[in-house]
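Everything below concerns the one structure shown next.
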Amino acid sequence: MNSLVILLIGIIVLFVGYLTYGSWLAKQWGVDPTKETPAHTETDGLDYVPAKAPVLMGHHFASIAGAGPINGPILAAIFGWLPVLLWILIGGIFFGAVQDFSSIFASIRHKGKSIGHVIEQNIGPKAKILFLIFAYLTLLLVVAAFASIVVGTFNGFTPDGQLIPANGSTATISVLFIIVAIIFGALVYRKNAPLSVATIIGVIAIIACIAIGLNFPIYLSAKAWLLIILAYIFVASVTPVWILLQPRDYLNSFLLYGMMIAAVIGIIGSHPTMNLPAFTGFTGANDNSHLFPMLFITVACGAISGFHSLVGSGTTSKQLDSEKDAKVIGYGGMLIECALAVIALICVGILFTDGAMPEGTPTQVFATGIATMIASIGLESSYNIAYAIIILAVSAFCLTSLDTATRLARYMFQEFFIPEGTDPKTLTGFKKLCANPYFATLVTVVIGGLMANGGYAKIWPLFGSANQLLAALALLAAAAWLGNIGKNNKMFLFPMVFMLVATISALILTLIKNIKAFSAGTASMSAEGLQIAFIILLIALAIDLAIEGCRVIFGKRKTA
Numbered sequence: 011m012n013s014l015v016i017l018l019i020g021i022i023v024l025f026v027g028y029l030t031y032g033s034w035l036a037k038q039w040g041v042d043p044t045k046e047t048p049a050h051t052e053t054d055g056l057d058y059v060p061a062k063a064p065v066l067m068g069h070h071f072a073s074i075a076g077a078g079p080i081n082g083p084i085l086a087a088i089f090g091w092l093p094v095l096l097w098i099l100i101g102g103i104f105f106g107a108v109q110d111f112s113s114i115f116a117s118i119r120h121k122g123k124s125i126g127h128v129i130e131q132n133i134g135p136k137a138k139i140l141f142l143i144f145a146y147l148t149l150l151l152v153v154a155a156f157a158s159i160v161v162g163t164f165n166g167f168t169p170d171g172q173l174i175p176a177n178g179s180t181a182t183i184s185v186l187f188i189i190v191a192i193i194f195g196a197l198v199y200r201k202n203a204p205l206s207v208a209t210i211i212g213v214i215a216i217i218a219c220i221a222i223g224l225n226f227p228i229y230l231s232a233k234a235w236l237l238i239i240l241a242y243i244f245v246a247s248v249t250p251v252w253i254l255l256q257p258r259d260y261l262n263s264f265l266l267y268g269m270m271i272a273a274v275i276g277i278i279g280s281h282p283t284m285n286l287p288a289f290t291g292f293t294g295a296n297d298n299s300h301l302f303p304m305l306f307i308t309v310a311c312g313a314i315s316g317f318h319s320l321v322g323s324g325t326t327s328k329q330l331d332s333e334k335d336a337k338v339i340g341y342g343g344m345l346i347e348c349a350l351a352v353i354a355l356i357c358v359g360i361l362f363t364d365g366a367m368p369e370g371t372p373t374q375v376f377a378t379g380i381a382t383m384i385a386s387i388g389l390e391s392s393y394n395i396a397y398a399i400i401i402l403a404v405s406a407f408c409l410t411s412l413d414t415a416t417r418l419a420r421y422m423f424q425e426f427f428i429p430e431g432t433d434p435k436t437l438t439g440f441k442k443l444c445a446n447p448y449f450a451t452l453v454t455v456v457i458g459g460l461m462a463n464g465g466y467a468k469i470w471p472l473f474g475s476a477n478q479l480l481a482a483l484a485l486l487a488a489a490a491w492l493g494n495i496g497k498n499n500k501m502f503l504f505p506m507v508f509m510l511v512a513t514i515s516a517l518i519l520t521l522i523k524n525i526k527a528f529s530a531g532t533a534s535m536s537a538e539g540l541q542i543a544f545i546i547l548l549i550a551l552a553i554d555l556a557i558e559g560c561r562v563i564f565g566k567r568k569t570a
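What follows is the structure, given as structure tokens:
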């Protein structure tokens, strides 16, 4: 199959889905541009700050993307390109974009509060507590994982002490990029500079950062970078969003858009053939890689991801200037991510040779694929530059997801200790300490840092299932709320049930695998034993929350 045909099919289907299904959802749910959003009614200059749609799209897109839409399709390509493509398109339009759109919309109709608050109001206090515990644990995994990824791309030395110029350049550019973002934020929000003028200045500054970074790399050890990154995310998650989060993510989005444009040019110009078979079978490289449910767990951010619901209801909803922006940012942002996932699938498809997947990490495969296509249209000398910039872009998105996840975890931690309807200023004792944003952030950063430094990898294989389980719970929350207010919620039922079944099936398969490892004497309590305990906890939480939610959705019980 020609890669250009696959790209065109993907873009056309996603665009039609946005125009038709996305518009239908907005009408069914009653999106009202005349209603004031929490960014205006609850504005505080810290978390609740109105943002222009392009700026907020940049933050939202950069935060939800990370490396997810790249890693997932490339790892799932063991089943062939056709099932991956179908899941990206069907999952994106009817699952992921619905979850992202509804999470933002439900949050703004609940004063910008989190999905946990929506669950409490529409399912019950018990369900909220279970959800907050689950979501916080998942966010700790995100913090640990992305901190480790960023450290790996910044580490200036090999194990034997040799310098890594590419990593040193990436580190320099990233540090300079943060400084540029702060200046950009001051220009737009304090000097009232026109967004168009500030954007031009910002893009020129990004190019200058890249040029400086390529010539003046910073070389520090992995441990040094871990400490610096932990300090950075602590500061980034407690400062007002207009200082760093909004401007940095907005400028970051240009890296992503540029990367996608370069990929599209490469695909159109070279239109290489997909060497990867359309379908390789229902079982992957080993007996534990079954198409169902592993395809739907592996391709997460490219089709549906629970982390998106936390971003949408955690930071995006607090900055939404108008309800009409919820569709383009929530539904549209997810479909753009689906397009990126299609590009990632094409990259692995064209590099598949002699019946074997390309070597390297998914990020390296993605960068190699795009750089190869660009070089093949007469730009051979640009291969190394294109490869380096793509690696830089992916690293920047990981850093964005990292500090966004830290801010979200801070919200979750505080919310757990603040009773509904209580002013945090009236709390005393231990609850007052835990509700303090600095203490809540410190706890998150310390635990996440400890996990990143060594132990997180032992439960990392479960992150995919935990993330997709979050998606099912976010769909459950939106369905319960819309049902309670008399709106159509039937579009949630199949995606919700499907993701619950797929997630629990994947957890059970992993549980069986670990139990067999214990039987064979090859398991340890610190690895497989920890995974078994975590799996049982996730399954119990999922079943309990599903029962509570279904009583509201399908039963006679209705909350106020």
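Numbered per the numbering used here, the sequence shown spans residues 11 to 570.
The beta carbon of each residue, even a glycine, is placed where N, CA and C say it ideally should be.
Euclidean distance between Cα positions of Leu-320 and Gly-388: A straight-line Cα-Cα distance of about 43 angstroms links Leu-320 and Gly-388.
Reduced DSSP secondary structure (H/G/I, E/B, other) of Phe-167: Assignment of Phe-167 by DSSP, reduced to helix, strand and coil, places it in the strand class.
For Gly-474 and Ile-314, believed in contact at Cβ under 8 angstroms, the rounded distance: About 12 angstroms separates the two Cβ atoms, so there is no contact after all.
Backbone CA spacing between Leu-254 and Leu-142 [nearest angstrom]: Note on geometry: alpha-carbon atoms of Leu-254 and Leu-142 lie some 26 angstroms from one another.
The stretch 150-160 contacting the stretch 348-366, beta-carbon criterion three pairs below 8 angstroms: Remark: fewer than three beta-carbon pairs, one from each stretch, lie closer than 8 angstroms, so the stretch 150-160 and the stretch 348-366 are not flagged as touching.
Contact belief for Pro-60 with Thr-53 at Cβ below 8 angstroms, rounded distance in angstroms: So it is a contact: roughly 7 angstroms between Cβ atoms.
Contacts around Gly-20, its chain only, beta-carbon distance under 8 angstroms, and the 5 residues preceding and following it disregarded: Excluding sequence neighbours, Gly-20 sits near Leu-95, Ile-98, Leu-99, Cys-348, Ala-349, Val-352.
Contact belief for Ile-159 with Phe-167 at Cβ below 8 angstroms, rounded distance in angstroms: Between Phe-167 and Ile-159 the Cβ distance is about 17 angstroms, and since that is not below 8 angstroms, they are no contact.
Beta-ladder partner(s) of Leu-173, from DSSP: Beta-bridge partners assigned by DSSP to Leu-173: Phe-167.
Stretch-stretch touch, CB-based, cutoff 8 angstroms, three pairs: the stretch 257-267 with the stretch 357-375: The answer is no - the stretch 357-375 does not touch the stretch 257-267, with fewer than three Cβ pairs under 8 angstroms.
Among His-69, Ala-552, Glu-333, nearest to Lys-45 - alpha-carbon criterion: Closest option to Lys-45, Cα to Cα, is Glu-333.
Paired residues, beta bridge with Leu-330 - DSSP: Bridge partners of Leu-330: Ala-61.
Local Cβ density within 10 Å of Met-304, reported as buried at 16 or more and exposed below that: By the 16-neighbour rule on beta-carbons within 10 angstroms, Met-304 is buried.
Selection from Gly-565, Asp-413, Ala-550, Ser-534 that minimises the alpha carbon distance to Gly-76: Relative to Gly-76, the option among Gly-565, Asp-413, Ala-550, Ser-534 whose CA is nearest is Asp-413.
Cα-Cα separation, Ser-247 to Ile-238: Each residue's alpha carbon lies about 14 angstroms from the other.
Other residues of its chain near Leu-551: CB distance less than 6 angstroms, five sequence neighbours each side excluded: Hits under 6 angstroms: Leu-140, Phe-144.
Best match in His-127, Gly-55, Phe-71 for proximity to Ala-490 [C-alpha to C-alpha]: Of His-127, Gly-55, Phe-71, the residue nearest in Cα terms is His-127.
Alpha helix (DSSP H) segment containing Val-26, residue limits: Taken as a continuous stretch (DSSP letters only), the alpha helix (DSSP H) holding Val-26 covers 13-27.
Three-way DSSP call (helix, strand, coil) for Leu-300 in this model: Residue identity check: residue 300 is His in the sequence provided, not Leu. In the structure shown, His-300 sits in a strand (DSSP, three-state: E or B).
Per-residue burial, Gln-172 [other beta carbons within 10 Å of its own, 16 or more giving buried]: Result: exposed.
Neighbour-count burial assignment, Phe-564, 16 or more Cβ in a 10 Å radius: By the neighbour-count definition (other C-beta atoms within 10 Å, threshold 16), Phe-564 is an exposed residue.
Pro-43 to Ile-133 span [Cα, whole Å]: Rounded to the nearest angstrom, the two C-alpha atoms are 27 angstroms apart.
Per-residue burial, Val-207 [other beta carbons within 10 Å of its own, 16 or more giving buried]: Counting Cβ neighbours within 10 Å, Val-207 comes out exposed, since fewer than 16 surround it.
Those residues which DSSP pairs with Thr-283 across a bridge: DSSP lists Asn-12 as the beta-bridge partner residues of Thr-283.
Assigned secondary structure, Ala-366 (DSSP; H/G/I helix, E/B strand, else coil): Three-state result, Ala-366: strand.
Between the CA atoms of Ala-381 and Ala-49 - distance to the nearest angstrom: Their Cα atoms are separated by approximately 41 angstroms.
Distance between Ile-222 and Ile-214 (C-alpha atoms, nearest Å): Near 12 angstroms, if we compare the C-alpha coordinates of Ile-222 and Ile-214.
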